[in-house]
Amino acid sequence: KVRPAHVIHNAVALRERGLPIRYVQLDDGYQARLGDWLTMSPAFSSGLSTLAGEIRAAGFVPGIWLAPFLVQRGSEIEKHRRSWLLRDVDGQLRPLGYHPIWGLRDGFIYALDPSHPEVQSFLEGTFSALCTLGFDYFKIDFLSAGLREGRRFSTEKTNVESYREALGRIRTAIGDRFLVGCGAPLLPSVGICD
4 KVRPAHVIHN AVALRERGLP IRYVQLDDGY QARLGDWLTM SPAFSSGLST
54 LAGEIRAAGF VPGIWLAPFL VQRGSEIEKH RRSWLLRDVD GQLRPLGYHP
104 IWGLRDGFIY ALDPSHPEVQ SFLEGTFSAL CTLGFDYFKI DFLSAGLREG
154 RRFSTEKTNV ESYREALGRI RTAIGDRFLV GCGAPLLPSV GICD
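Residue numbers (our numbering): 4 to 197.
And the structure:
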């Protein structure tokens, strides 16, 4: 239930207290659904660029949270790009899990297939767009979903190779901006995440 006003209120409070903080990060709740990172929830109808600008005006580096390998039931990807979703080894599409905060019906989540070239292009395009909107710090979460076992688009690469390739596309998109890996398998993330 986050609102832009909450983020700005906190940024102003941090500035007024003179705390040695550099980043202010927008966390989960701005997006319409997981996977639809550039489609805003109704509360963020003013857009992310405005909020990033206000965070910067308050004296901080704007940051944003994403779970790049997760897709929520009811998202545009789940509805229109089902070939991007990782299937179980038997070929069946099954949810990776359930998260009640994301809704009773729509709390089911799926994993993107990081070996799929269209998924890699989608990730690079999403992160490039977020850079253009003014974000210079990225917390990417639930990264272990990128290593989920299943039937992948590419059978020539291991899970780790596909994961690193997809993370590399994110790194390419953001350049030298700060990248925090959360819920991340450590060794496969070394050299890409900060």
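All C-beta atoms in this analysis are idealised placements derived from N, C-alpha and C, irrespective of residue type, glycine included.
Distance from the Cα of Leu96 is smallest, within the candidate group Phe111, Trp105, Ile104, for Phe111. Listed in chain order, the non-local C-beta contacts of Arg76 below 6 Å within the same chain comprise Asp109, Phe111, local neighbours out to five positions each way being set aside.
For Leu29, the pairing in a beta bridge is given by DSSP as Ile67.
For Ile67, the closest of Leu73, Glu164, Leu51 by C-alpha to C-alpha distance is Leu51. Shown here, Ile104 sits in a helix according to DSSP, grouped into three states. Cβ contact annotation for Glu81 (same chain, cutoff 6 Å, sequence separation greater than five): Val74, in chain order.
Taking a 10 Å sphere around the C-beta of Glu57, we find 16 or more other C-beta atoms and assign the residue as buried.
In the three-state reduction of the DSSP assignment, Lys142 falls in the strand class.
When C-beta atoms of the stretch 83-98 are compared with those of the stretch 128-146, fewer than three pairs fall below 8 Å, so the two segments do not count as touching. In this structure the stretch 176-186 lies against the stretch 125-135, because at least three pairs of beta carbons, one per stretch, are closer than 8 Å. Ala132: member of the alpha helix (DSSP H) spanning 120-135, first to last residue. Where Leu73 is concerned, there is no enclosing alpha helix (DSSP H), although the beta strand (DSSP E) around it starts and stops at 73-75.
In this structure, Arg167 and Ile195 form a Cβ contact; the two beta carbons are roughly 7 Å apart against a cut-off of 8 Å.
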